Each structure stands twice: as structure tokens, then as C-alpha cells.
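Novice: Residue numbers (our numbering), protein chains in the order written: chain V, -9 to 198; chain S, -9 to 198.
Let me begin by handing over the structure; questions about it come next.
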DNA sequence: GTACGCTTGAAACGATCGTTTGAATAGGAT
DNA sequence: ATCCTATTCAAACGATCGTTTCAAGCGTAC
């Protein structure tokens, strides 16, 4: 076998997406990869390290792309809400499309891991979103001065919920798929609802 | 033990929410419930039946409530978009609050199972949402004639994504919790963004 | 008391889990 | 050819999984 390590990662991506982390055994992975059981612990050390390696390669670049786009925007001047949201959403759509081309089931797995909110995932997504939330929160605040920081954070989390749902690729009966191959069109469609959703006047809650 | 069956359900709810279905063993469940291992298979037949029993008691009433509210609305006349969305969201918020009072971790577990999109879950949520999507889709279509049925279904799924995210109770660092105890206030907050999000013109080009 | 359904108990079932071991193999550098 | 490092392999490790078995306990009707 010339490239056992890569074959294992590919097989694990598919099986994790299909049956979850706990629902996938190393024997399934290595059988699909055409490798030996011991190869996982040899190349990765443990099953958990294999998971982290898969997740990191997906999650980290998304937020890196977000920050690059936002930096560019703020360097050019004061961005409006549509530009900020585009910088937030475009990395998701591009990554979603790329992941699908590489492995059709991978985005769903990432969405599952995100929504599991377990102790394994919390440091991975927590530290990532801390910077993202602060940077985009203040960018939105300057574009929409009528909203409080708390309300902006709340609405941003709603958008995160939509994005995770996009990644989950849940296609309910009678509904078409949420995103397609045309990233520009998907972005337009998302901005068409997220911009009004973010711009809407606040009915803020006092008792929280 | 006077009520072993109930104790098992309660323990399973907590542990499933914490560690997932595959991540929870029957021995953990029965130990927490103060029951014997064999009690699970005696009362439920299998671990999978125990899961289905827990999910059914949560998911089915939500959509039943939705349909009752929508029936009431349509019986009174032609509902506007805000009323329809209220009928869609209110059962979620009420159920979310109730579930939290009963078991703080239960909503997160439901959200996890929803987003897993596995073969076990598909019949449970699929058949449920088929009626819901059709009924609410047509109700929204009469309230918003400028939107195509396909666009309505797509936006409705975005709202489902937000709701699942609410249930997941993911609290990112630096952000407050998404919903509280004041259901009326939470509903107002959700309607403040979902009504503009649903009403927005289709594929709008620019907001300046 | 005796007999009978319902429920619980301890123990073991076969299967599978993630991990480890140590020998066998390959392929280049010297 | 010889050595060395990297990788693969079959096999087994102890642990834990969901499930089953069957005896013991329980309250109620006879």
C-alpha cells in the first residue's frame, strides 16, 4: 500500500459521516481502506486523534477564510451589513462545495460534530468562534448601530444555526436540497434572507 | 422499586443527551436508574425501542400542536405571515421550555438526533414533517403570493435550522443563551427576525 | 397456605470494541 | 550485500457491549 494514511482518512470520513464517531469501528475503517487494524494506531496514535485530524482540516480553514475576507473589507473602508454577511457566509458555501466534491458525506459529519456540543468538540469550535464572534460582532455593530451587541450576537448565532443546517444536508420530504453547485447563486439566496433578518428592528428582551 | 420503567427513561434521557445514543451503555443507564441491566430489555425489549419511546414522546406533540394552531388560524380567516410563523414557532418554544423543566439536557439530545439524519430517525421525522411542510407551505404561500413554493420550502427549512439550533442549546463563548424562561418574549424575538426573513423579496440583488 | 402473574436479581452469553505486541516485509543508503 | 528505518501483518489483549437465562422475590386471588 503506497498511501495507507490517506486511505484511512478517506474511509473514516465516509464512515464517520454515515454512522457517527461512536458508531464506527476501526475495523470498518481499515477494512474499507484496505489496511490493517494496527495501521490506525500506527499512523494516528488513537481513534480520537484520527477524528481530530479530520475535523481540524475542515473547520480551521473556514474561519481563516472568514477573517481574511473581513480584514480585506475593513481595510477598504467601512463595510455595510451585506458585505460583512457575505464575508461570513461565503467561506461556508465554498468549503461546503469543496467538501462535497471530495466526499459527499463529509459536510454532514461536520454538522453532526458541531451540534453534538460534547467535551471533545468544545475546545475545537469554542476557541475558533471566540475570535470570529468578536470580530464579526463588532463589524456588524458599526454597520447596524441600532442593534445592541447582545442582539447582534444572538442573531449571528441564528445564522450559524442555518449554516450548520446547510452542512447537515437534511433534505426533508417534498423539499429540494438546500444548496447546489452554484455558489454565487446560493450566496445570493442566503443573503436575501439573512440581510433582512439581521437588519430588522430589535424587539429585544429585557428579562434575560 | 416502584417505578423502574420511568426511572430508566429519565436516566436514558440524561445520558443520551450527554454522550449520544451509541455513546451510552445500558449499564450506565441502569446504574443511574438504580435498576438491573435486564430491566431495560424486560420493559422495552431493546435499547433501540427505548430510544424510540423517548423520541416519540417529544417530537410528536410538537407537530400536533403546530397543526392545532394552524387549524385554528385558518378557521378564523386568512392568516398573515406573522400569525403563520407564530403557529410554527410557538410549539417549539413551549415544548423547549417544558422539556428543560423536566430534563435540562433533553432538548439537546432531540436536536442531535434530528441532525443525525440516520435511517433510524428518518421515518420518525420524515413522516412528521411531510404534513407540516405541506400545510405550512400553502399557508405561507397565500400570505406571501410573491414567493414560489420552492422558495417558501427553502426558507422554511432555514427556520427549521434555527429551531434545531435553539434545541441544541449551543452556547458559544461570549454569547448569552438563545432562549430563556419567557416564552412570549422569546417568540417576539424570533418573529422579529423570521418575519422579515420570510417576507424578503426573492434573490434580492443589493441592499444599498 | 398455595398458586400464579409481574418484576427484579446475579451471572453469563457471544460479539465487538480500541489497543498492543512482535515478527515479517519492503526499500533505500552505505 | 548489509544495515537501518519505515511500514504492514496476523494475532491476541483486556474491556465492554447488548442481550439472554433462570432463579428469587413480590403482591394478589383463590
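From the three backbone atoms N, C-alpha and C, an ideal C-beta is built for every residue, glycine too.
No experiment lies behind these values; they were computed from the predicted model shown.
Given a cut-off of 9 Å on the beta-carbon distance, is the pair residue 157 (chain V) and residue 126 (chain V) in contact?
Specialist: Cβ distance not < 9 Å, so residue 157 (chain V) and residue 126 (chain V) don't count as in contact.
Novice: How big is the Cα-Cα spacing for residue -7 (chain V) and residue -1 (chain V)?
Specialist: Each residue's alpha carbon lies about 10 Å from the other.
Novice: Rank V:149, V:142, V:46 by C-alpha distance to the C-alpha of residue 145 (chain S) and give the top, closest one.
Specialist: For residue 145 (chain S), the nearest C-alpha among the options comes from V:149.
Novice: My guess is that residue -3 (chain V) and residue 35 (chain V) are in contact by the Cβ rule of under 8 Å, so how many angstroms apart are they, rounded?
Specialist: That belief does not hold up - the Cβ atoms of residue -3 (chain V) and residue 35 (chain V) are roughly 17 Å apart, past 8 Å.
Novice: Can you list, in chain order, the residues of its chain whose CB lies under 8 Å from that of residue 55 (chain S), leaving out five sequence neighbours each side?
Specialist: If we look at residue 55 (chain S) and ignore the five residues flanking it on each side, its Cβ neighbours are 80, 81, 84, 85.
Novice: According to DSSP, simplified to helix, strand and coil, what is residue 32 (chain S)?
Specialist: Residue 32 (chain S): helix per DSSP, three-state reduction.
Novice: Whose C-alpha, out of S:4, S:10, S:160, S:18, is nearest the C-alpha of residue 91 (chain S)?
Specialist: When each option's Cα is compared against that of residue 91 (chain S), the closest is S:4.
Novice: Going by CA-CA distance only, name the one from S:70, S:49, S:116 that's closest to residue 96 (chain S).
Specialist: It is S:49.
Novice: Starting from residue 12 (chain S), find everything on chain V with Cβ-Cβ shorter than 7 Å and list it in chain order.
Specialist: Simply 10, 12, 13.
Novice: I believe residue 192 (chain S) touches residue 182 (chain V) by the beta-carbon criterion, under 8 Å. Please report the beta-carbon distance rounded to the nearest angstrom.
Specialist: So it is a contact: roughly 7 Å between Cβ atoms.
Novice: Does DSSP put residue 156 (chain S) in a helix, in a strand, or in coil?
Specialist: Here residue 156 (chain S) sits in helix by DSSP.
Novice: Which chain S residues sit within Cβ distance under 9 Å of residue 67 (chain V)?
Specialist: Simply none; closest approach about 13 Å.
Novice: Between the C-alpha atoms of residue 168 (chain S) and residue 112 (chain V), what's the straight-line distance to the nearest angstrom?
Specialist: Straight-line Cα distance between these residues: approximately 17 Å.
Novice: Please identify, using Cβ separations under 9 Å, the residues of the segment 141 to 154 of chain S that lie next to chain V, in order along the chain.
Specialist: Cβ contacts with chain V come from 141, 143, 144, 145, 146, 147, 148, 149, 150, 151, 152, 153, 154.
Novice: Throw me the rounded Cβ distance for the residue 142 (chain V) and residue 71 (chain V) pair, which I believe falls under 8 Å.
Specialist: The Cβ separation is near 10 Å, so there is no contact.
Novice: Assign residue 190 (chain V) to buried or exposed, taking buried as 16 or more other Cβ atoms, counted over all protein chains shown, within 10 Å of its Cβ.
Specialist: Per the 10 Å Cβ criterion, buried.
Novice: What in chain S is Cβ-close to residue 160 (chain V), meaning under 9 Å?
Specialist: Here the neighbours are 104, 105, 107, 115, 147, 150, 151, 154.
Novice: Does any residue of chain V have a CB that is nearer than 9 Å to the CB of residue 84 (chain S)?
Specialist: No, because no Cβ of chain V sits closer than 9 Å to the Cβ of residue 84 (chain S).
Novice: What span of residues does the alpha helix (DSSP H) with residue 14 (chain S) cover, start to end?
Specialist: Careful: residue 14 (chain S) lies outside any alpha helix (DSSP H) and carries neither H nor E.
Novice: Listed from N- to C-terminal order along the chain, which residues in the segment 175 to 188 of chain V have their beta-carbon within a distance smaller than 7 Å of any beta-carbon of chain S?
Specialist: Within the segment 175 to 188 of chain V, the qualifying residues are 178, 179, 182, 183, 185, 186, 187.
Novice: Given a limit of 8 Å on CB to CB distance, which residues of the segment 20 to 47 of chain S reach chain V?
Specialist: Hits within the stretch: zero.
Novice: Taking all protein chains shown into account, decide if residue 196 (chain V) is buried (16 or more other Cβ within 10 angstroms of its Cβ) or exposed.
Specialist: Confidence at residue 196 (chain V) is low in this model, with a pLDDT of 44, below 50, so the placement of that residue should be treated as unreliable; the coordinate-derived value is given next. So residue 196 (chain V) counts as exposed.
Novice: Going along chain V, which residues have a C-beta under 7 Å from residue 192 (chain S)?
Specialist: Neighbours of residue 192 (chain S) on chain V, chain order: 182.
Novice: Measuring alpha carbon to alpha carbon, tell me which residue in S:159, S:171, S:153, S:160 is nearest residue 216 (chain S).
Specialist: No answer is possible for residue 216 (chain S): the residues shown for chain S start at -9 and end at 198.
Novice: Could you tell me how far apart the beta carbons of residue 7 (chain S) and residue 98 (chain S) are, in whole angstroms, since I believe they sit closer than 8 Å?
Specialist: Confirmed, about 5 Å.
Novice: Chain S beta carbons: is any one of them nearer than 9 Å to that of residue 101 (chain V)?
Specialist: At least one chain S Cβ lies under 9 Å of residue 101 (chain V).
Novice: Mapping DSSP to helix, strand and coil, what is residue 145 (chain V)?
Specialist: Residue state, collapsed to three classes: helix.
Novice: For residue 9 (chain V), which of S:178, S:103, S:174, S:67 has the nearest alpha-carbon?
Specialist: Comparing Cα positions, the closest option is S:103.
Novice: Give the DSSP-derived three-state secondary structure of residue 136 (chain S) in the structure shown.
Specialist: Looking at residue 136 (chain S) - three-state DSSP - the assignment turns out to be coil, as it is neither helix nor strand.
Novice: Quick check on this structure: which residue in V:177, V:185, V:188, V:187 has the alpha carbon closest to the alpha carbon of residue 87 (chain V)?
Specialist: Out of V:177, V:185, V:188, V:187, V:177 has the C-alpha closest to the C-alpha of residue 87 (chain V).
Novice: Contact check, residue 27 (chain S) vs residue 2 (chain S) under 8 Å by CB: the rounded distance?
Specialist: Actually they are not in contact, since the Cβ atoms of residue 27 (chain S) and residue 2 (chain S) sit about 13 Å apart, beyond 8 Å.
Novice: Measure the alpha-carbon distance for residue 115 (chain V) versus residue 74 (chain S) and round it to whole angstroms.
Specialist: Rounded to whole angstroms, residue 115 (chain V) to residue 74 (chain S) spans 35 Å at the Cα level.
Novice: Using 9 Å as the threshold, is the C-beta distance between residue 30 (chain S) and residue 40 (chain S) below it?
Specialist: Yes.
Novice: Could you give the first and the last residue of the continuous alpha helix (DSSP H) run that contains residue 62 (chain S)?
Specialist: Its alpha helix (DSSP H) spans residues 37 to 66.
Novice: Going along the chain, which residues of its own chain have a beta-carbon closer than 8 Å to the beta-carbon of residue 22 (chain V), five neighbours each way excluded?
Specialist: Correct list, in chain order: 1, 4, 5.
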